[in-house]
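Report on one structure; see the data block that follows.
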DNA sequence: ACCACTGAAGCAAATATTTTGCGTTAAGAT
DNA sequence: ATCTTAACGCAAAATATTTGCTTCAGTGGT
């Protein structure tokens, strides 16, 4: 019984994943999402369709995967010196990214493309991680901090609800207002 | 220039819609949702696939349409005599329906299947209508009532977030607790 | 550095699906 | 009762998906 072979993460596999992701992102800028197809993406990526089908299963899961990359935080949350401003800044930035047509589509793709709970789970992990970083930092300063769940319930959830369900443009300062409601008057 | 012809709502069209919806609901109880296809649904409904494609566009939109029926309230919200209990009862009932695997799938279908904002919009209309009925009734009694948006932000949104993004089972009393946070201590 | 092992990609044939043109049926308006 | 045309059925054509088999190239062992 030989050694167990590892999953392949580098080299050609990595290049294919990169090429396919790039192809999706590029096509999404020049065509309507409704007429994206796997063969189209594969052609643009210089890959056979069957490769895409075997790795991602179907277009929905591929879109969810690409959407997740889009949601991955690019760095630790900004440090403005106090909890209220840190949370408000993070919320406003999140809204800025997610309330655009592109952002809304990203959110929908994440929700739509998870047979199991993988993509939504990873999405939660990203945002929870960012919020936790903010809370931990504030606790280190000696501030009173709310529970992570309270922030999810009363700041993130309302923003996500509006992004997913309501297409009206959002009032500026909405994120900051939610933080104000959570933390109470200054 | 002749009279504009109306959309057909009754007779054969209605029967086809009914048959197709029934077929989807039935198949969903005996097969995994991943291997539902339009031809399969059409066969069960006794209809040609092209009929389904022409009326609904694709499987996702059909599933969203069926999911919407599932979310349509079956009556006015229960009247327990005061705002707090009315909201709490409504929230708990909503959770009961939507936190099951079936309920989660329904929510996901509504979000996934809307190219425009039709299905999410209708979904909002249903829930907003129910909440508004509760608020209006309470106002008629002379109670202080929160704004509709406040209920959406701090009661419905957190519940929807958990249904869509977190697969853990929900703590009993979660809906009532959210209402408590919104309305303040009794 | 080379080799053996095998996961992942390519290719192409077999299936399944979606789209489309056209004839037919029946809902709704006059 | 009659007319108009939206919506359905059918079948052919176009696309997309699955699958068996072969080839290619990371990864770990020597």
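Chains as they are written, first to last, in the UniProt record's numbering: chain A, 1 to 186; chain B, 1 to 186.
The C-beta atom is built at its ideal place from N, Cα and C for all residues, glycine as well.
Can you tell me where the alpha helix (DSSP H) holding residue i begins and where it ends?
i                      : result
residue 5 of chain B   : Neither: residue 5 of chain B is in no alpha helix (DSSP H) and is coded neither H nor E.
residue 140 of chain A : 118-140
residue 144 of chain B : Element bounds for residue 144 of chain B: n/a, residue is neither H nor E.
residue 194 of chain B : Shown here, chain B extends from 1 to 186; a query on residue 194 of chain B therefore has no answer.
residue 88 of chain B  : 83-98
residue 68 of chain A  : 59-71
residue 107 of chain A : 101-112
residue 49 of chain B  : 49-56
residue 170 of chain A : That residue, residue 170 of chain A, is in no alpha helix (DSSP H); it is neither H nor E in DSSP.
Using three-state DSSP, classify residue i as helix, strand or coil.
i                      : result
residue 155 of chain A : helix
residue 78 of chain A  : coil
residue 32 of chain B  : coil
residue 180 of chain A : helix
residue 175 of chain A : helix
residue 186 of chain B : coil
Is there a C-beta anywhere in chain B that falls below 8 Å from the one on residue i?
i                      : result
residue 154 of chain A : yes
residue 184 of chain A : no
residue 161 of chain A : yes
residue 108 of chain A : yes
residue 88 of chain A  : no
residue 164 of chain A : yes
residue 125 of chain A : no
residue 120 of chain A : yes
residue 115 of chain A : yes
residue 223 of chain A : Chain A is shown only over 1 to 186; residue 223 of chain A falls outside these bounds and no answer can be derived.
Tell me, please, whether the CB atom of residue i is closer than 8 Å to any CB atom in chain A?
i                      : result
residue 71 of chain B  : no
residue 131 of chain B : no
residue 103 of chain B : no
residue 81 of chain B  : no
residue 2 of chain B   : Confidence at residue 2 of chain B is low in this model, with a pLDDT of 48, below 50, so the placement of that residue should be treated as unreliable; the coordinate-derived value is given next. No, residue 2 of chain B does not count as interfacial toward chain A.
residue 91 of chain B  : no
residue 51 of chain B  : no
residue 167 of chain B : yes
residue 111 of chain B : yes
residue 67 of chain B  : no
residue 34 of chain B  : yes
Can you tell me the Cβ-Cβ gap for residue i and residue j, rounded? I've got them flagged as a contact below 8 Å.
i                      : j                      : result
residue 77 of chain B  : residue 125 of chain B : Rounded, the Cβ-Cβ distance is 15 Å, inconsistent with contact.
residue 80 of chain A  : residue 89 of chain A  : 6 Å
residue 47 of chain B  : residue 19 of chain B  : 6 Å
residue 95 of chain A  : residue 159 of chain A : 6 Å
residue 115 of chain A : residue 34 of chain B  : 6 Å
Taking 7 Å as the cut-off, is the beta-carbon of residue i closer than that to any non-hydrogen atom of the ligand ZN?
i                      : result
residue 165 of chain A : The model on display carries no ligand, and the ligand ZN is accordingly not part of it.
**Study point:** Three CB pairs or more closer than 8 Å across the segment 177-184 of chain B and the segment 149-156 of chain B
**Key:** yes
Review point. Would the segment 39-52 of chain B and the segment 16-31 of chain B be scored as touching if the rule is three or more Cβ pairs under 8 Å?
Key: yes
Review point. Using 8 Å as the threshold, is the segment 61-72 of chain B in touch with the segment 102-118 of chain B, meaning 3 or more CB pairs across them?
Key: yes
Review point. With contact counted as at least three CB pairs below 8 Å, one residue from each stretch, are the segment 132-151 of chain B and the segment 159-177 of chain B in contact?
Key: no
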